[in-house]
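Quick notes on the structure that follows.
2 protein chains.
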Amino acid sequence: MIETPYLLFLGDAPDGLAAKVAQGIKDWRPDNCVGQFRMEGCKADMKLPDMTLAEAWDAGARTLVIGVANRGGVISKAWKAVLLEALDQGYDIASGLHNLLRHEPDLAEKARGLGRTLHDVRIPVVQYPIANGEKRTGKRVLAVGTDCSVGKMYTALALDRDMRKAGMKSTFRATGQTGILITGEGVPLDAVIADFMAGSIEWLTPDNDADHWDIIEGQGSLYHVSYSGVTLALIHGGQPDALILCHEPTRTHMRGLPGYTLPSLEVVRDTSLHLAQVANPACKVVGISINTQHMDDAAAVAYLEEVEARLGLPAVDPYRHGAERLFEALAAI
Amino acid sequence: MIETPYLLFLGDAPDGLAAKVAQGIKDWRPDNCVGQFRMEGCKADMKLPDMTLAEAWDAGARTLVIGVANRGGVISKAWKAVLLEALDQGYDIASGLHNLLRHEPDLAEKARGLGRTLHDVRIPVVQYPIANGEKRTGKRVLAVGTDCSVGKMYTALALDRDMRKAGMKSTFRATGQTGILITGEGVPLDAVIADFMAGSIEWLTPDNDADHWDIIEGQGSLYHVSYSGVTLALIHGGQPDALILCHEPTRTHMRGLPGYTLPSLEVVRDTSLHLAQVANPACKVVGISINTQHMDDAAAVAYLEEVEARLGLPAVDPYRHGAERLFEALAAI
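Residue numbers (the working numbering), protein chains in the order written: chain A, 1 to 333; chain B, 1001 to 1333.
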């Protein structure tokens, strides 16, 4: 568990896209963000107060979160100086970078000497169990996609936000690095050892109140040959009571796989539900989340209406129109 | 790659079952076995010549393979003395034990000093790629099961043996610890990091002659909630041209999951084929392998006939009746 609130480190981000982790934290957990730390040449801006390490500390920040991708997978000297200074000032540091903070000898040594924590959320720190398949109390919903990167995390975060607003009990359960940095905890599923994947999701979504919803962040797709095993482990470890289908209609092939076309929503619905009912026979598909970012307003509305009529399920773009109808569908279970 | 031939270390095995790894090597690769090394009290017997380390070395053995499970997960002092002596005599050592040889300081130090290799096949030594889904040349068959431990490895090994006997080009591709020790190479799939599972199977089954068959060892089951993700990674990484369904008819619930009933062969056929055709649209289900060890002769034959009639596919128990009809079904593709 990462201590909040955060100071967001944007480094020398060449553009806003390089700082998408920081953007996710700002968008979804603004209360966790005291300010932003930008170095010379930084082109990203989270519209948060620019602060020095000392100013943010005085404002309550306790963890410096690296919210930017590093160039070439190397932690530069300029970054390093800031990170070392942050440890000296009292901060823990959290990072989702592929190259780990703990593998930097100077950072590791200083953190050890000062008793600070380096959170490398890229890799697991827990020894997860093998899944036992036992029924757990409380309710769970999982977003499953026709492809990778179609908006599953966004859909889950929007649902969680709207359900909390409505006074329902819900918890977003992060299964990827960005989600973990947003919420401060979770399972970095893509880095878990094969035998323990489903068990890690059981661990992540334990017994809870009967009226509590775990909103589980989806990963990959049953139809993406590189990552499908991860998706099935989520379906079986998560024991979802409800599935939400996620799709991006303008994509011409599976992400990173030029020879592979996307499956239809109907096919994803049928296969996901069939496999989910192995672990939870009561599971239902309750709605559809469409990422319409590459469509104009008229095209988006027309597409949503067509999908809704075709599948007989509420179809929304939660970014464009809110997640209310999805959350109502969950509430009706 | 583990250097052959082997001296099989049976230690102080309390019974034959404890030495099932040695039995597998003896049964499937007898030419790799120079002899067996038994300690006082050993109750297992592979019907191989009992040899000292020196005798087996002179007979050509180059690797001491630990063919027995250790009690309580500890490498005893008595074992340790033999293993250290083997390193001194020139042997490499191979092991599928959960506790690793390399984590024993005395073994690790001696091996390093002498330039010997400690093969811990429990864990991967290769940095596998992310699967790219590209079509590879050559043919592949994968055994998929209604459950774990229903005879998938045995079926694959029997097929490989019979196809080679018939002059066909085939290679058994091990995906588990026992299979790796039998053949000397493979992927310990249950220990691979989630993101690289499918890629590890692509790596294991590369381009080959158009008339060559990779016989891929199956793992888990799409319907076993603890390990289903591993199975799907095999289906998508393996790009099989053919599937063989494996089943054990007397099992009353999924292995280790008392609340879970087994899926029917029809359900496993349909779901496995549907998902396999994502990676290889030409994939076919060609036969059924039934493990009839808990049935008498008459019951076994009756069951096989019933399944064959019901599914319209050759159904055999390769242990009882040979794998010929399965291999003929493959040859007909």
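The beta carbon of each residue, even a glycine, is placed where N, CA and C say it ideally should be.
Exercise. At a Cβ cut of 9 Å, what residues of the stretch 127 to 143 of chain A count as close to chain B, listed as they run along the chain?
Worked result: I130, A131, N132, G133, E134 and K135
Exercise. Using 8 Å as the limit for Cβ to Cβ distance, is D195 of chain A near chain B?
Worked result: yes
Exercise. Below 8 Å between beta carbons: does that hold for A1059 of chain B and M1046 of chain B?
Worked result: no
Exercise. Using a C-beta cutoff of 8 Å, does T1155 of chain B count as contacting chain A?
Worked result: no
For this session: Measure from the C-beta of H1337 of chain B to each C-beta in chain A and report whether the shortest distance is under 8 Å.
Result: Outside the displayed range of chain B (1001 to 1333) lies residue 1337 of chain B, so it cannot be described from this structure.
Exercise. How would you label R140 of chain A, buried or exposed, when you count the other beta carbons within 10 angstroms and need 16 or more for buried?
Worked result: buried
Problem set entry | chain B contact for V68 of chain A (CB, 8 Å cutoff) | no
Exercise. Considering only residues of the same chain and omitting the five flanking positions on each side of A276 of chain A, which have a CB-CB separation below 7 Å?
Worked result: I235, P240, L243 and C283
Exercise. In this structure, does DSSP put H253 of chain A in helix, strand or coil?
Worked result: coil
Exercise. Is it buried or exposed for A194 of chain A, if we count other Cβ within 10 angstroms and need 16 for buried?
Worked result: buried
Problem set entry | Span separating the alpha-carbon of I1002 of chain B from that of Y91 of chain A | 48 Å
Exercise. Whole-angstrom Cβ separation of H1321 of chain B and T1250 of chain B, contact assumed at under 8 Å?
Worked result: Contact flag wrong, Cβ pair sits at about 18 Å.
For this session: Could you tell me which of B:I1333, B:V1150 and B:E1308 sits nearest to E1248 of chain B, measuring between CA atoms?
Result: B:V1150
For this session: Answer yes or no: does any C-beta atom of chain B fall closer than 8 Å to that of V225 of chain A?
Result: yes
Exercise. Between which two residues does the beta strand (DSSP E) harbouring I945 of chain B extend?
Worked result: Limits of chain B in this structure are 1001 at one end and 1333 at the other, which puts residue 945 of chain B out of reach.
Exercise. Which value, in whole angstroms, describes the spacing of the CA atoms of V278 of chain A and T1271 of chain B?
Worked result: 12 Å
For this session: Just list the beta strand (DSSP E) runs in the stretch 29 to 67 of chain A, keeping only unbroken ones of 3 residues or longer that don't cross its boundaries, in chain order.
Result: 33 to 38 and 63 to 66
For this session: Apply the 10 Å Cβ neighbour rule to D297 of chain A and answer buried if 16 or more other Cβ atoms are within range, or exposed otherwise.
Result: exposed
Exercise. Taking the C-alpha atoms as reference points, what is the distance between D1214 of chain B and G1179 of chain B?
Worked result: 14 Å
Problem set entry | Local conformation of Y319 of chain A per DSSP, three classes | helix
Exercise. Between V316 of chain A and Y154 of chain A, what straight-line distance do the alpha-carbon atoms span, to the nearest angstrom?
Worked result: 13 Å
Problem set entry | Counterpart residues of W213 of chain A in DSSP-defined beta bridges | A:K139 and A:S170
Exercise. Between G1035 of chain B and the rest of its own chain, which residues show a CB-CB distance below 8 Å, the 5 nearest in sequence each way excluded?
Worked result: L1007, L1008, L1048, P1049, D1050, M1051, E1055, A1056, A1059 and A1061
Problem set entry | Interface partners of Y1260 of chain B on chain A, CB under 7 Å | G133
Exercise. Rounded to a whole number of angstroms, what is the C-alpha to C-alpha distance between S221 of chain A and D1027 of chain B?
Worked result: 40 Å
For this session: Count the CB pairs spanning the stretch 1130 to 1144 of chain B and the stretch 1204 to 1211 of chain B that are closer than 8 Å, and state whether there are at least three.
Result: yes
Exercise. Going along the chain, which residues of its own chain have a beta-carbon closer than 7 Å to the beta-carbon of A1069 of chain B, five neighbours each way excluded?
Worked result: A1018
Problem set entry | Spatially closest choice to E324 of chain A from A:T175, A:L189, A:L304 and A:R161, by CA coordinates | A:R161
Exercise. Which residues in chain B sit within 9 Å of A315 of chain A, going by Cβ to Cβ distance?
Worked result: Residues of chain B passing the Cβ test: none, with the nearest at roughly 24 Å.
Exercise. Which same chain residues, not among the five before or five after A174 of chain A, have their C-beta less than 6 Å away from its C-beta?
Worked result: I180, T183, G186 and E217
Problem set entry | C-alpha distance - H1103 of chain B paired with V1082 of chain B, whole-angstrom precision | 17 Å
Problem set entry | chain B within 8 Å of A174 of chain A, Cβ atoms only | no
Problem set entry | Sequence-distant residues of its chain with Cβ nearer than 7 Å to H1098 of chain B (five each side left out) | G1073 and R1122
Problem set entry | Classification of P263 of chain A by the beta-carbon crowding that lies within 10 angstroms, buried from 16 upward | buried
For this session: Using three-state DSSP, classify H294 of chain A as helix, strand or coil.
Result: coil
For this session: Taking G312 of chain A as the reference, give the member of A:A332, A:N291, A:G287 and A:Y319 with the closest Cα.
Result: A:G287
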